[in-house]
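Q: In terms of our numbering, the sequence shown opens at residue 63 and continues consecutively.
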Amino acid sequence: MKTTFFTLIIVGLMSGCATWGGIKKDAKDGAEWTKEKINNGASYVKEKTE
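1. What number of angstroms, rounded off, separates the C-alpha of residue 68 from the C-alpha of residue 88?
2. Taking only the alpha-carbon atoms, compute the straight-line gap between residue 71 and residue 63 and give it to the nearest angstrom.
3. What would DSSP say about residue 98, mapped onto helix, strand or coil?
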């Protein structure tokens with residue numbers, strides 16, 4: 063019984079770590095996408111105003 067409980071805890075921790083890594087990656091990718099979108103918009107405005 064103790065072994066089963068311990069195994070479930072380990073599996074839960076491993077999946078939690080994978081999920082946290084995914085959250086961090088998604089947040090970083092979102093920030094990069096936002097920076098790219100802002101830079102593209104600023105370039106467009108600069109071209110149109112010159």
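Just so it is clear, CB atoms sit at the ideal spot from N, CA and C, and this is done for glycine as well. For clarity, every value in this text was computed on a predicted model and none was experimentally measured.
A: In short:
1. Residue 68 and residue 88: Cα-Cα distance of roughly 30 Å.
2. In this structure, the alpha-carbon of residue 71 lies about 13 Å from that of residue 63.
3. Looking at residue 98 - three-state DSSP - the assignment turns out to be helix.
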